[in-house]
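Number of protein chains: 2
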Amino acid sequence: MRIAQIAPPWITIPPKNYGGTESVISNLVEELVAQGHDVTLFAPGDAKTSARLVSFFPTSLLEEKVEWSMHLKAFYHLQKALEQVRADQFDIVHTHLSSSADMYIFPLAASLCTPHVTTLHSHFPFDHSPGGRVGDSDRYYMDWAPFVPIVAISESARTQEKMPLHFVDVVYNGIEMRQYPPPRKKRGDYLVWLGRFVPEKGPHLAIEAAKRAQVPLVLAGTIDRYMKASVDYFHEQIKPLIDNEQIKYIGPVNTKRKVHLLSRAHGFLNPIEWEEPFGIVMIEAMALGCPTISFARGAAPEIVAHGKTGFLVQNLDEMVQSIPKIEEIDREETRLYVERNFSAQVMAEKYTKVYEKVIAMNKKASEQQRRKIS
Amino acid sequence: MRIAQIAPPWITIPPKNYGGTESVISNLVEELVAQGHDVTLFAPGDAKTSARLVSFFPTSLLEEKVEWSMHLKAFYHLQKALEQVRADQFDIVHTHLSSSADMYIFPLAASLCTPHVTTLHSHFPFDHSPGGRVGDSDRYYMDWAPFVPIVAISESARTQEKMPLHFVDVVYNGIEMRQYPPPRKKRGDYLVWLGRFVPEKGPHLAIEAAKRAQVPLVLAGTIDRYMKASVDYFHEQIKPLIDNEQIKYIGPVNTKRKVHLLSRAHGFLNPIEWEEPFGIVMIEAMALGCPTISFARGAAPEIVAHGKTGFLVQNLDEMVQSIPKIEEIDREETRLYVERNFSAQVMAEKYTKVYEKVIAMNKKASEQQRRKIS
């Protein structure tokens, strides 16, 4: 299949540090190439890829300190990529909806003749100012929604979305299994919580669960220093509970340290207090043979196989009660479950099926159009 | 002629207070209608116009506190207007380049079949952040410049512009003469400076000139409270010189107060220290029979007829020497000069000629295209 992948131009592919969407795009592109497809990646020149790379400028926008709200250059990237798609012969164009400037996909891609699909990596609203003011542009852009087939990253994300989007399928995010070595036999006795320190990710609940279950807990992840609420939350609600004996905080971790931490951990706690559309860290933990206990919210019930790769719980009491049951979980089986359901290979195969579906939809629509004309 | 005017969506047409571009668009639309053209104005629903109004949302963006850097809704306005232009039968489409979000005109209008022209009301760079950081998007957008015919608002603006724009003509801004009553015979002895308080507009030089010539001076206009440099400049360099006898400051003025002030003034001082692309206040002063002494920079030599409607001077000494000569100027003649060269009527007639020129260019290009194909 001749595939055009148009990445958002903000973060390098693959990302150097933070960048969930860019990590997924990188995994997808590498796998599609490995599976024999002819892939062109439209991304700034600092991308590293096995695909044919087409760039309209040398550096990702955040690398050259363009602010998220400045859309002109991001629009240029999208417009030029779509001009090239129109002039060339692709079987499918795949775009990615992740930040505010990606909203231009709606008007620009709606009139494409080439079959097109976009993945909703984040969630609405996208029209918000740096100061946090939410505008009403999203609603206006829904004019073009019927002409823009969308893939959700979970059934939960699809169901939760209030915007009248034209969802055509769900494809889970996938990780590159080679980056996650098989489960170690010898492990520590500690649990892990890993993420950004915001109340809805529940680190304060993870601490309470660990204390009540009397097991050690290691916290890892970032405090968003640009978000006062995040800094205040950490200092007021988390820091006083860190005793550096039972409850430790080791700071942010890169992939190597993350693998080190999770492959030695006894289990992973995910007491989320919002409908998180996915949760890639659960997959990473399980790939390393680390069972996950998650609140049954957002996409968690689609990701954790209850009693097989961890536990889905309704509240903190149930989380505490599940902690002793972690040892019943087969760590090899846990990894295998990720490999079968959330590997980059599976993700690429599923996207290939979505592409075929969208190509068929497009063909049918063109035929109806032709019949109408003749 | 069937004319589509696409206004920027930020400021109400006509503007309630500040809004040079919107004032010119309003004057142009009213005159084109008066001259018998079939005009459709694409602008938010709060516009007041004699043309057919097509709106995609009810309120101008600044009225609903959208920040200048938030482009999604402005893009929506432009995209929808151009979709309608494509579906409809217009002889000419006229767009207006005034702020950052107007840059999308380049990619969006470049592929129009309908003849199109845009007026450069402001000047590059357009790609700048709220924090003042200048990006390099403008240069990238020049990809489409050859396909976007542009009108400059003065020969100076055209010559000064470093971007490789496809200028097709110059049309001066015009004012609605009815808003400016004929020159009064009885006038005060004071000179006027009117504008925003920034060093390049030269209020400190106007004060020095008035002091040296020993004539009273009235300063009027706005101090941009959001721009620290502007506030500091006023407080450090202007305020200490205001004695409320020879040198007065009367604050910002609306149109009514501006007319009152200038129609009674002896003359108008314009000691600009930059290449100002136009200078509508000079025209307003002269329309009210108030001769203008301006530094011979920017568009001033195209606007002031030296020795007839005022004086063009090279420096402060020459400005001081010209002040006693103001009484040699015929105030009736001064107004007549504006009426003949800078009235909305003349502007609309000139734009009609530009439209005809662009339509002819477009026709010729299409014929060449057809010849190439056949």
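So the sequences go chain by chain: Y and B.
When the count follows the working numbering, it moves up by one through the first sequence with no breaks and lands on 374 for the last residue.
When the count follows the working numbering, it moves up by one through the second sequence with no breaks and lands on 748 for the last residue.
For every residue, glycine included, the Cβ atom is placed at its ideal position computed from N, Cα and C.
With 8 angstroms as the threshold, decide whether the Cβ of P515(B) is near any Cβ in chain Y. Here residue 515(B) turns out to be Tyr, not Pro, going by the sequence shown. So, interface residue.
Minimum Cβ-Cβ distance from P499(B) to chain Y less than 8 angstroms: no
Determine the closest residue to E400(Y) out of D46(Y), L32(Y), G20(Y), with distance taken between C-alpha atoms. Because chain Y is modelled from 1 through 374, residue 400(Y) falls outside the range shown and cannot be assessed.
Since K73(Y) meets chain B, which of its residues come closer than 9 angstroms, beta carbon to beta carbon? D501, G509, D510, S511, Y514
Compare the C-beta of Y104(Y) with all C-beta atoms of chain B and state if any pair is closer than 8 angstroms. yes
Which class does F97(Y) belong to by DSSP, given the choice of helix, strand or coil? According to the sequence as given, residue 97(Y) is Leu; it is not Phe. Note: L97(Y) maps to strand in three-state DSSP.
Helix, strand or coil: how does DSSP classify L427(B) here? strand
Cβ of E63(Y) within 8 angstroms of any chain B Cβ: no
At the level of alpha carbons, what is the spacing between Y554(B) and V627(B)? 15 angstroms
Bridge partners for T292(Y) per DSSP, in chain order? F268(Y), G310(Y)
At a threshold of 7 angstroms, does K560(B) count as lining the ligand FAD (C-beta to nearest heavy atom)? This structure does not include the ligand FAD; it has no bound ligands of any sort.
Report buried or exposed for Y392(B), applying the criterion of at least 16 other Cβ atoms within 10 angstroms of its Cβ. exposed
Might you give, ordered along the chain, the residues of its own chain that have their beta carbon closer than 7 angstroms to the beta carbon of M142(Y), omitting 5 neighbours on each side? M163, P164
Cα-Cα separation between R744(B) and K737(B), rounded to whole angstroms: 10 angstroms
Closer than 8 angstroms, CB to CB, is V440(B) near chain Y or not? yes
Exposed or buried, G251(Y), counting other C-beta atoms within 10 Å across all chains shown (16 or more means buried)? exposed
Would M70(Y) count as contacting chain B if we go by Cβ distances under 8 angstroms? yes
Contact check, V712(B) vs M660(B), beta carbons under 8 angstroms: yes
Comparing the C-beta of P481(B) with each C-beta of chain Y, is any distance below 8 angstroms? yes
Can you name the start and end residues of the alpha helix (DSSP H) that T159(Y) belongs to? 155-160
What residues from chain B crowd round S55(Y), counting only those whose CB sits closer than 9 angstroms? Going along chain B, no residue has its Cβ under 9 angstroms from S55(Y), so there is no contact; the nearest lies around 12 angstroms.
Residues of chain B with a CB under 8 angstroms from the CB of S100(Y): which are they? L446
Where DSSP assigns a beta bridge to F167(Y), which residues make up the other side? I150(Y)
Leaving out five residues before and five after G663(B) in sequence, what residues of the same chain have Cβ atoms less than 6 angstroms from its Cβ? P557, R705, T708, R709
Could you say which of L494(B), L593(B), K682(B) lies nearest to H468(B) if we only look at CA atoms? L494(B)
Classify H77(Y) as helix, strand or coil using the three-state DSSP reduction. helix
Who are the Cβ neighbours of D169(Y) in its own chain at under 6 angstroms, not counting the five residues just before and after it? V151, V354
Using only alpha-carbon positions, find the residue among P115(Y), H77(Y), D102(Y), V171(Y) that is nearest to S511(B). H77(Y)
For D420(B), which of helix, strand or coil comes out of DSSP? coil
Return the CA-CA distance between N644(B) and L427(B), expressed in angstroms with no decimal places. 37 angstroms
Members of the region 714-733 of chain B that neighbour chain Y once the beta carbon cut-off is set at 9 angstroms: none
Starting from I479(B), trace the beta strand (DSSP E) in both directions and tell me its first and last residue. Premise fails: I479(B) lies in the alpha helix (DSSP H), 479-483, not in any beta strand (DSSP E).
Given this structure, state the Cα-to-Cα distance separating W10(Y) from I700(B), to the nearest angstrom. 59 angstroms
Should Q79(Y) be flagged as near chain B, meaning a C-beta pair shorter than 8 angstroms? yes
8 angstroms is my cut-off, CB to CB: does Y711(B) come that close to chain Y? no
Determine the burial state of T12(Y): buried for a count of at least 16 other Cβ atoms within 10 Å of its Cβ, exposed for fewer. buried
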